[in-house]
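Remember, my numbering sits 17 above the position in the sequence shown when you count from 1. Yeah, the Cβ is synthetic: ideal placement off N, Cα and C, and Gly gets one too. Comments concern the structure below.
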Amino acid sequence: MSFPTDSPHTQERPQRDRLGPVMRTVLSDKRAVVGAVVVVSIIVLAVFAPYLAPSESQTTYDLLQPPNSYSEGDFDLDGTTEVIWHPLGTDSQGKDILTELIYGARISLLVAFATVGFALLVGTAIGMLAGYYRGWIDSLLMRYIDLMWAFPEIVLAVAIIAVSGGVGIVPVIIAIGFGFVDDFARLVRGEVLKTREEPYVMAARAVGMRPRRVMFREILPNVTGTILVQVTLLIPIAILWEAGLSFIGMGVSPNTPTWGLLLADGRQFLHEAWWISVLPGLAILVTVLSFTLVGEGLREAFDVSEREVHDI
């Protein structure tokens with residue numbers, strides 16, 4: 018049996034040189050660009066919430082004030098009463114809705130990014146090991162993934178939160194993250210099974226490169242595009258999960274401003290104060306749609322780039 022004699026670093030790695038074409042394709046997709054602008058705007062709002070929010074979180078005013086209303090705040094130093102504008106109204110506890118939405122974006126994005134990051138690390142490690150070594154290692158790891166796949170994700174999340182002993186940001190991250198591990202593991206395993214037979218990977222093994230080095234220097238960079246697309250598509254799902262768990266009381270602490278808690282708080286006031294539930298619902302809709310547009314744009318861009326590479 019003969020092996021490629023060239024150094025693995027001189028072999029063709031088609032997927033590593035696709036960043037330029039991918040970016041051009043994404044920038045030509047108006048939907049992806051709009052989604053990216055909205056996503057960046059929401060991230061900026063979340064990061065600079067203390068400076069951009071009209072008031073401090075947990076500050077209370079008049080109850081159930083409609084959008085574009087005013088209420089009296091604290092006395093100024095000169096003895097006059099401060100008038101507070103509520104562009105989106107207040108909730109049943111007198112909290113400014115706009116402030117709660119901005120601070121709620123922090124929690125939703127924090128949970129989403131941390132959740133997907135956790136699932137990415139664990140799932141990618143499982144998929145890399147299973148796809149590269151195959152054999153009994155592949156069978157053992159995939160049976161574990163199949164076991165996780167057998168449980169409905171929401172049931173698995175609720176069970177993990179119950180076992181952890183209470184609500185909070187960390188239990189929610191772990192609960193949702195475990196539900197996403199199998200998505201990354203199956204995806205990465207399939208990509209590794211294809212990539213490990215490429216000439217440059219075979220050359221790397223032939224010259225005695227260690228398996229860990231082959232996996233992380235030769236294979237992983239060439240499946241990064243697929244993983245990135247999966248990340249952008251799972252982030253909006255994580256946002257929906259966090260909102261859903263908070264809505265049913267299994268999410269973060271009740272004193273933490275989240276979009277899901279706002280939805281839950283406003284469901285009993287739909288007839289007299291519709292804005293409490295409708296506005297956070299719209300925030301969730303816009304955020305999820307924007308991330309989805311970015312993910313779809315990236316997926317199409319990588320597909321187009323891959324076809325161009327194979328046509329060369």
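Determine the burial state of residue i: buried for a count of at least 16 other Cβ atoms within 10 Å of its Cβ, exposed for fewer.
{"i": "Leu-280", "result": "buried"}
{"i": "Glu-215", "result": "buried"}
{"i": "Lys-112", "result": "buried"}
{"i": "Pro-253", "result": "buried"}
{"i": "Gly-314", "result": "buried"}
{"i": "Tyr-340", "result": "The displayed coordinates of the chain run from 18 to 329. Any statement about residue 340 would go beyond what the structure contains."}
{"i": "Leu-69", "result": "exposed"}
{"i": "Asn-272", "result": "exposed"}
{"i": "Val-61", "result": "exposed"}
Using beta-carbon positions only, say whether residue i and residue j come within less than 8 Å of one another.
{"i": "Val-303", "j": "Val-55", "result": "yes"}
{"i": "Val-209", "j": "Leu-262", "result": "no"}
{"i": "Tyr-149", "j": "Arg-234", "result": "no"}
{"i": "Tyr-120", "j": "Pro-297", "result": "no"}
{"i": "Thr-132", "j": "Ile-193", "result": "yes"}
{"i": "Ala-147", "j": "Val-311", "result": "no"}
{"i": "Ser-86", "j": "Gly-106", "result": "yes"}
{"i": "Thr-76", "j": "Gln-110", "result": "no"}
{"i": "Val-305", "j": "Leu-257", "result": "yes"}
{"i": "Arg-230", "j": "Gly-144", "result": "no"}
{"i": "Glu-289", "j": "Leu-81", "result": "yes"}
{"i": "Ile-114", "j": "Trp-276", "result": "no"}
Quick one: give me the first and last residue of the alpha helix (DSSP H) that residue i is part of.
{"i": "Leu-204", "result": "186 to 212"}
{"i": "Val-57", "result": "47 to 64"}
{"i": "Gly-261", "result": "237 to 264"}
{"i": "Trp-166", "result": "152 to 167"}
{"i": "Pro-216", "result": "216 to 223"}
{"i": "Trp-276", "result": "276 to 283"}
{"i": "Val-180", "result": "170 to 181"}
Check the DSSP bridge columns for residue i and list the partner residues they point to.
{"i": "Trp-102", "result": "Tyr-87"}
{"i": "Lys-112", "result": "Thr-77"}
{"i": "Thr-107", "result": "Asp-113"}
Round the Cβ separation of residue i and residue j to the nearest angstrom and send it over; I've been treating them as touching at under 8 Å.
{"i": "Phe-201", "j": "Ala-136", "result": "6 Å"}
{"i": "Glu-259", "j": "Gly-266", "result": "Contact doesn't hold; Cβ gap of about 13 Å is too wide."}
{"i": "Asp-108", "j": "Glu-117", "result": "7 Å"}
{"i": "Val-205", "j": "Ile-154", "result": "Val-205 to Ile-154, Cβ: 14 Å. No contact."}
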